[in-house]
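A.B. asks: Numbering (this note's numbering), first residue to last: 62 to 620.
Every residue gets a Cβ at the ideal spot worked out from N, C-alpha and C, and that includes glycine.
This one's a predicted model, so the numbers in the text were calculated from it and none came from an experiment.
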């Protein structure tokens, strides 16, 4: 067993802080959390922030109280500046079941800065000189410039009411902004686009479309997948004189080209190859088999079932121009569906996107994240969204640490889109601090997809505007991918790895317990994962060793 002094050091390094506030002997209340925050800012004070008469309850407002499966009580608070909500951020206090002292995520200094900043802004509020109507005009003009303007409406459930929020910009300054959700077209399909427009200057602070891409029956059908010539059997249903790839027990259905057309066959044998890629039934079978494994994995591992029918669409044409052999896959949250192109089968393209179990698992992961622990798909939070989807894909298909190695072709064959073990493809030293998106593109010009250089350390984070890969979501996700590999394997850490399945259990604990904000930064997410690990490993014989491995793995990526 580690000494008490060692454990206290572990807590500080991990980024969250134990306090001398007495443990509660009753069910924790939000008032208990306020006392914890007060001690951080001004020990001995009661319900007011230091150097201010403003109550803590005006700055941090109750959001959710939750008891996790281990009995820990978790209190979350939304941040406010006056009556204006801080978008996508929250504060968290954990009261362990063991009666130990409460934990505050993010650490003392960060919480002090947060509370001080919010107090100062509340006492010197920013003015909204830009009208909501003008903000809507700016957003609409941007949609037209992007050629994403959608002349018709979308379901009301897709939209949210305009609101003024405090939004943290790329320089980490909080700015008063109009938050708008407008109908838009992305990937050729109706969706929505979020806008955050400075309420004084009219500057677009950030914008992103709500779409996530990858850059029971007794009837039995048969068919062939893409990987082998072994005849497979699978459940099907019948309707309108045909048979469908529809698994009633799993509530899973495969569609052909779009959501209006089931993958269907007249003789319940899916064996036609066809004359072109969109007519190859084997791609539909492979996607079906992959999603059966995915649905089973989530049910068995996390006790999770999709809300409604799991809908996966094969043979998706390019949504922008309708051309076949689309080199992408994506999750569309408003349709609650997963879309897979046939790939161009070229050296710089892909094979059928639905062929890869890890790619299908990645896309399903986006849906899981959206339901269990949403992360705004922009900047660092968007990169974390992509990272978790990669890790989920690597857990469903756990034979290697590459994503998409079954669909890359030519010089990239077998190398995947991203290598979680070695994001830099052996040449990570070529990435310098403050590398811009333009410089990254130049560095990788002419490189096969499977040999591109991605960052594996926070100092190598690619600097992107919100218009460049949505702030670097597909580029900077590899920093945490490297962490996941190191923590799972213990490679070079000098301590035992957790294994990827235990690591993903910790991630899911952080999601379900609500330990991170919707716009979580890398540091905030690190703290949330360490807090989740602390809760998840209570009573585990290797708890100290695993926590040490995680700390070393975070240190290895600069966190």
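Verify whether the separation of the beta carbon atoms of residue 586 and residue 438 is less than 8 Å.
C.D. replies: No; because the gap between Cβ atoms is not below 8 Å, this pair is not in contact.
A.B. asks: For residue 423 and residue 406, which I take to be in contact (beta-carbon distance under 8 Å), what is that distance rounded to the nearest angstrom?
C.D. replies: Not confirmed; about 20 Å, so no contact.
A.B. asks: Please report how far the alpha carbon of residue 144 lies from the alpha carbon of residue 620, in whole angstroms.
C.D. replies: In a straight line, the C-alpha of residue 144 is about 34 Å away from that of residue 620.
A.B. asks: Please state the DSSP three-state secondary structure of residue 488.
C.D. replies: Three-state DSSP puts residue 488 in coil, outside helix and strand.
A.B. asks: Where does the unbroken alpha helix (DSSP H) through residue 543 begin, and where does it stop?
C.D. replies: First-last of the alpha helix (DSSP H) with residue 543: 538-550.
A.B. asks: Select from 266, 249, 250 the residue whose C-alpha is nearest the C-alpha of residue 256.
C.D. replies: Residue 256 has its Cα closest to that of 266, out of 266, 249, 250.
A.B. asks: Considering only C-alpha positions, which residue in the set 299, 288, 343 is nearest to residue 335?
C.D. replies: It is 343 whose Cα lies nearest to the Cα of residue 335.
A.B. asks: Taking all protein chains shown into account, do 16 or more other C-beta atoms lie within 10 angstroms of the C-beta of residue 116, making it buried, or fewer, making it exposed?
C.D. replies: Answer is exposed; the Cβ neighbour count stays below 16.
A.B. asks: Taking the alpha carbon of residue 212 as the reference point, which residue from 192, 244, 387, 271 has its own alpha carbon closest?
C.D. replies: Closest by alpha carbon: 244.
A.B. asks: What did DSSP end up calling residue 248 once you bin it into helix, strand or coil?
C.D. replies: Note: residue 248 maps to coil in three-state DSSP.
A.B. asks: So, at 8 Å on beta carbons, what are the nonlocal neighbours of residue 604 in its own chain, with the 5 sequence-adjacent residues on each side left out?
C.D. replies: Within the same chain, residue 604 has close Cβ partners 598.
A.B. asks: Let me check understanding here. Comparing Cα to Cα, which of 601, 574, 551 lies closest to residue 617?
C.D. replies: Residue 551 is the option with its Cα nearest to residue 617.
A.B. asks: What is the C-beta distance between residue 592 and residue 556, in whole angstroms, given that I count them as a contact (C-beta under 8 Å)?
C.D. replies: Actually they are not in contact, since the Cβ atoms of residue 592 and residue 556 sit about 20 Å apart, beyond 8 Å.
A.B. asks: Need the endpoints of the alpha helix (DSSP H) that residue 596 sits in, please.
C.D. replies: Run containing residue 596: 583-597, per the alpha helix (DSSP H) assignment.
A.B. asks: Please state whether DSSP places residue 457 in a helix, a strand or coil.
C.D. replies: Three-state result, residue 457: helix.
A.B. asks: Leaving out the 5 sequence neighbours to the left and right, which residues in its chain are closer than 8 Å to residue 490 when beta-carbon positions are compared?
C.D. replies: Answer for residue 490: no residue qualifies.
A.B. asks: Taking only the alpha-carbon atoms, compute the straight-line gap between residue 180 and residue 574 and give it to the nearest angstrom.
C.D. replies: C-alpha separation (whole angstroms): 27 Å.
A.B. asks: DSSP puts residue 30 in a beta bridge; with which residues?
C.D. replies: Since the displayed the chain opens at 62 and closes at 620, residue 30 lies outside it and no answer follows.
A.B. asks: Output the distance between the C-alpha atoms of residue 135 and residue 462, rounded to the nearest integer angstrom.
C.D. replies: Roughly 33 Å separates the two Cα atoms.
A.B. asks: Which value, in whole angstroms, describes the spacing of the CA atoms of residue 242 and residue 196?
C.D. replies: Their Cα atoms are separated by approximately 11 Å.
A.B. asks: How about residue 611 and residue 571: are their beta carbons less than 8 Å apart?
C.D. replies: No. Outside cutoff.
A.B. asks: Contact defined as beta carbons within less than 8 Å: I believe residue 372 pairs with residue 399. What is the distance between those atoms, to the nearest angstrom?
C.D. replies: At roughly 7 Å, the Cβ-Cβ gap stays under 8 Å, so residue 372 and residue 399 are in contact.
A.B. asks: Grab me the residues of residue 602's own chain with a C-beta within less than 7 Å of its C-beta, minus the 5 sequence neighbours each way, in chain order.
C.D. replies: So the list is empty, once near-sequence residues are dropped.
A.B. asks: In the DSSP assignment, find the unbroken beta strand (DSSP E) run with residue 351 in it and report its ends.
C.D. replies: Here residue 351 belongs to no beta strand (DSSP E); instead the alpha helix (DSSP H) covers 342-363.
A.B. asks: Determine, using beta-carbon pairs with one atom in the segment 307-316 and one in the segment 343-357, whether at least three such pairs fall under 8 Å.
C.D. replies: Cβ pair count under 8 Å is three or more, so yes.
A.B. asks: Measuring CB to CB, does residue 516 end up less than 8 Å from residue 492?
C.D. replies: Yes, these two residues count as a Cβ contact at 8 Å.
A.B. asks: DSSP beta-bridge partners for residue 241?
C.D. replies: According to DSSP, residue 241 bridges with 256.
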